[in-house]
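Asks: If you read the protein sequences in the order shown, they are chains C and S. If you count by my numbering, then the first sequence holds residues 103 to 252, one letter each, in order. If you count by my numbering, then the second sequence holds residues 356 to 590, one letter each, in order. Virtual Cβ for every residue (Gly too), placed ideally from N, Cα, C. The structure presented is a predicted model; accordingly, all values stated were derived computationally and were not measured.
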Amino acid sequence: MEETNQPNVARRATTLYGAAALVSLIGLADSIYLTVEHLSGRSVRCTITFGCSEVLSSPYATVRGIPLAAVGAIAYFIVFSLATLAAFGYKGVGKLITLIVAAMFLTTLWLFYLQAFVIGHFCQFCLLSALVATTLTVLIIAVRYQNREQ
Amino acid sequence: MKRALPFVIIAAVLGAGLLTAWYLQRSTAETPAAPPTTNASPAASTASTPTTANPAEPGAEPPQALGNANAPVTLEEFGDFECPPCGILHPVLKSLESECGPTKVRIIFREFPLVPTHEHALAAARAAEAAGLQDKFWEMHDMIYENQKAWHEAFDVRPIFEGYATKIGLDLERFRRDNSNEVVEQRIFLDGKRAHALGVKGTPTVFLNDREVPFESLAPETLKSLINSELAAHP
Numbered sequence: 103m104e105e106t107n108q109p110n111v112a113r114r115a116t117t118l119y120g121a122a123a124l125v126s127l128i129g130l131a132d133s134i135y136l137t138v139e140h141l142s143g144r145s146v147r148c149t150i151t152f153g154c155s156e157v158l159s160s161p162y163a164t165v166r167g168i169p170l171a172a173v174g175a176i177a178y179f180i181v182f183s184l185a186t187l188a189a190f191g192y193k194g195v196g197k198l199i200t201l202i203v204a205a206m207f208l209t210t211l212w213l214f215y216l217q218a219f220v221i222g223h224f225c226q227f228c229l230l231s232a233l234v235a236t237t238l239t240v241l242i243i244a245v246r247y248q249n250r251e252q
Numbered sequence: 356m357k358r359a360l361p362f363v364i365i366a367a368v369l370g371a372g373l374l375t376a377w378y379l380q381r382s383t384a385e386t387p388a389a390p391p392t393t394n395a396s397p398a399a400s401t402a403s404t405p406t407t408a409n410p411a412e413p414g415a416e417p418p419q420a421l422g423n424a425n426a427p428v429t430l431e432e433f434g435d436f437e438c439p440p441c442g443i444l445h446p447v448l449k450s451l452e453s454e455c456g457p458t459k460v461r462i463i464f465r466e467f468p469l470v471p472t473h474e475h476a477l478a479a480a481r482a483a484e485a486a487g488l489q490d491k492f493w494e495m496h497d498m499i500y501e502n503q504k505a506w507h508e509a510f511d512v513r514p515i516f517e518g519y520a521t522k523i524g525l526d527l528e529r530f531r532r533d534n535s536n537e538v539v540e541q542r543i544f545l546d547g548k549r550a551h552a553l554g555v556k557g558t559p560t561v562f563l564n565d566r567e568v569p570f571e572s573l574a575p576e577t578l579k580s581l582i583n584s585e586l587a588a589h590p
């Protein structure tokens with residue numbers, strides 16, 4: 103029974119990690135765009151939500167002078183790299199990716215709170231990033247669940 | 356080979372990411388004399404791709420303009436009175452205007468209030484256009500920009516703008532009426548239509564002789580050298 107189930111579990115984990123790598127690319131593109139917009143200093147206009155300018159020019163958009171979007175871009179790239187390695191069967195990256203994605207999800211919750219209750223405006227690009235981080239969290243939870251089943 | 360493949364993919368994504376960031380950064384630093392980029396990605400065009408002004412949407416007529424209509428250089432600014440970078444650009448354009456003179460440089464201001472992002476931007480645009488109906492657009496324009504920090508945080512800006520109207524010698528009753536005048540609304544609407552036709556996404560966006568000036572080039576020295584190049588090309 104175990105002999106037939108293990109390859110399926112491994113295949114499913116590969117698929118989930120592959121999906122995580124692809125999803126993190128969306129977050130990476132979004133973060134790069136936001137970083138460039140931030141560095142250009144231009145007032146950005148939202149097309150779906152209202153409040154890009156407020157959110158992106160707020161003091162919460164930088165951490166010690168570094169655009170938060172740039173930190174996000176680095177985080178998404180790390181997740182992409184680890185998920186790619188995991189999808190190709192590299193052992194030992196699962197725990198690290200779980201930790202990073204968990205940290206990203208908690209940051210996402212904090213940023214969502216700031217937008218909703220402190221700044222009072224939502225930025226569509228930040229919401230996209232929140233969606234990506236949430237999707238990554240769901241995918242990594244699914245992988246952990248798979249591994250537990252195995 | 357299979358062991359190396361993930362590293363190749365990671366390296367390729369890293370390269371593509373750095374290349375995209377470099378390209379976006381470069382597109383904001385390009386001079387307006389550069390030809391329009393035709394194959395730019397949507398993100399790149401949002402960042403700042405030089406665009407040629409489209410005469411199909413002329414905007415409000417006559418435009419709010421300073422300087423001679425036949426001046427060899429025309430700077431057309433799409434501005435929002437509440438946007439901080441526009442407030443920073445204001446003294447730059449003022450000094451260029453006085454340095455170059457009305458026969459050489461014409462400055463056009465187009466209304467592009469970022470509504471509802473900037474809650475007082477529309478009221479400010481209305482106040483400026485209402486002052487324009489009494490031929491004092493630029494006086495009000497200057498007042499609003501120079502005191503941006505004072506009214507930006509205010510709950511109700513109407514009394515503040517009425518104070519400016521009194522200071523610059525407007526007929527206050529007429530100014531109050533004109534704030535909701537259809538002509539004022541129409542002018543803001545037409546400038547907005549022009550902005551959308553030109554793909555203006557943010558403020559300030561400046562066109563120098565119908566070519567978009569990248570945001571990075573709006574620094575006083577850079578803008579001045581661009582104007583000098585245009586003046587040299589159109590003596």
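What does a CB cutoff of less than 6 angstroms around Val512 (chain S) pick up in its chain, not counting 5 residues either side in sequence?
Replies: So the list reads His475, Ala478, Trp506, once near-sequence residues are dropped.
Asks: Would you call Asn583 (chain S) buried or exposed, if buried means 16 or more other Cβ atoms sit within 10 Å of its Cβ?
Replies: Its Cβ having fewer than 16 others within 10 Å, Asn583 (chain S) is exposed.
Asks: Could you check what DSSP says for Val195 (chain C) in three-state terms: helix, strand or coil?
Replies: Coil at Val195 (chain C), not helix or strand.
Asks: Since Ile543 (chain S) contacts Ala485 (chain S) with CB under 8 angstroms, what's their CB separation in whole angstroms?
Replies: The pair is not a contact, with the Cβ atoms about 11 angstroms apart (cut-off 8 angstroms).
Asks: How would you write the range of the alpha helix (DSSP H) that Arg513 (chain S) sits in, first residue to last?
Replies: Arg513 (chain S) -> alpha helix (DSSP H) spans 513-522.
Asks: Can you tell me the Cβ-Cβ gap for Pro533 (chain S) and Leu586 (chain S), rounded? I've got them flagged as a contact below 8 angstroms.
Replies: Here the sequence assigns Asp to residue 533 (chain S), which means Pro is not the residue at that position. Not a contact, Cβ separation roughly 37 angstroms.
Asks: To be precise: take each residue of the segment 176-192 of chain C, compare its Cβ to all Cβ atoms of chain S, and keep it if any distance is under 8 angstroms. Which residues remain?
Replies: Listed by position, the residues of the segment 176-192 of chain C near chain S (Cβ gap below 8 angstroms) are Phe179, Phe182, Ser183, Thr186, Leu187, Ala189, Phe190, Tyr192.
Asks: Counting only C-beta atoms, is Arg358 (chain S) closer than 9 angstroms to chain C at any point?
Replies: Yes, Arg358 (chain S) counts as interfacial toward chain C.
Asks: Does the Cβ of Ala588 (chain S) have 16 or more other Cβ atoms within 10 Å, making it buried, or fewer, making it exposed?
Replies: Looking at its Cβ environment, which holds fewer than 16 other Cβ atoms inside 10 Å, Ala588 (chain S) is exposed.
Asks: Which chain S residues sit within Cβ distance under 8 angstroms of Leu201 (chain C)?
Replies: Here the premise fails: no neighbours, minimum Cβ distance about 19 angstroms.
Asks: On the CB-based measure, 16 or more other CB atoms within 10 Å of its CB, does Ala518 (chain S) come out buried or exposed?
Replies: Sequence check: residue 518 (chain S) is Gly here, not Ala. Exposed is the call here.
Asks: Chain C beta carbons: is any one of them nearer than 9 angstroms to that of Val512 (chain S)?
Replies: Not closer than 9 angstroms to any Cβ of chain C, the Cβ of Val512 (chain S) fails to qualify, so no.
Asks: If you count every other CB in all the chains shown that lies within 10 Å of the CB of Ser450 (chain S), and 16 or more means buried, which is it?
Replies: So Ser450 (chain S) counts as exposed.
Asks: Which residues in chain S have a C-beta closer than 8 angstroms to the C-beta of Leu127 (chain C)? List them in chain order.
Replies: The answer, in chain order, is Val368.
Asks: Cβ-heavy atom distance between Ile365 (chain S) and the ligand FMN below 8 angstroms?
Replies: Of the ligands one can find in the structure shown there are none, so the ligand FMN has no counterpart to examine.
Asks: Indicate whether Gly434 (chain S) and Leu444 (chain S) have their beta-carbon atoms separated by less than 9 angstroms.
Replies: Yes, these two residues count as a Cβ contact at 9 angstroms.
Asks: Could you tell me whether the segment 210-217 of chain C touches the segment 116-127 of chain C, where touching means 3 or more Cβ pairs closer than 8 angstroms?
Replies: No contact exists between the segment 210-217 of chain C and the segment 116-127 of chain C.
Asks: Mind checking if Thr164 (chain C) is an interface residue toward chain S, Cβ cutoff 9 angstroms exclusive?
Replies: Thr164 (chain C) does not count as touching chain S.
Asks: May I have the straight-line CA-CA distance separating Ala388 (chain S) from Arg461 (chain S), to the nearest angstrom?
Replies: Any reading at Ala388 (chain S) is ruled out, since the residue's pLDDT is 30, under 50, leaving its predicted position unreliable.
Asks: Who are Pro419 (chain S)'s beta bridge partners in DSSP?
Replies: The question names Pro, but residue 419 (chain S) is Gln in the sequence shown. Note: Gln419 (chain S) sits in a beta bridge opposite S:Phe464.
Asks: Could you compute how far the alpha carbon of Ile221 (chain C) sits from the alpha carbon of Val173 (chain C)?
Replies: C-alpha separation (whole angstroms): 20 angstroms.
Asks: I need the straight-line Cα distance from Phe362 (chain S) to Val428 (chain S), nearest angstrom please.
Replies: Rounded to whole angstroms, Phe362 (chain S) to Val428 (chain S) spans 52 angstroms at the Cα level.
Asks: Restricting to Cα atoms, I'd like to know which of S:Arg566, S:Pro457, S:Asp546, S:Leu448 is closest to Lys579 (chain S).
Replies: Of the candidates S:Arg566, S:Pro457, S:Asp546, S:Leu448, the one whose C-alpha sits nearest the C-alpha of Lys579 (chain S) is S:Leu448.
Asks: Between Ala398 (chain S) and chain C, is any beta-carbon pair separated by less than 9 angstroms?
Replies: With a pLDDT of 30 at Ala398 (chain S), under the threshold of 50, the modelled position of this residue cannot be trusted; read the value that follows with caution. Chain C, which has a Cβ nearer than 9 angstroms to the Cβ of Ala398 (chain S), makes this yes.
Asks: From the DSSP output, in three-state form, read off Arg531 (chain S) for me.
Replies: Helix, per DSSP.
Asks: For Leu527 (chain S) and Met498 (chain S), I'd like the C-alpha separation in whole angstroms.
Replies: The straight-line gap from Cα to Cα measures roughly 16 angstroms.
Asks: Output yes if chain C places a C-beta closer than 9 angstroms to the C-beta of Gly372 (chain S); else output no.
Replies: For Gly372 (chain S), the answer is yes, since a Cβ of chain C falls inside 9 angstroms of its Cβ.
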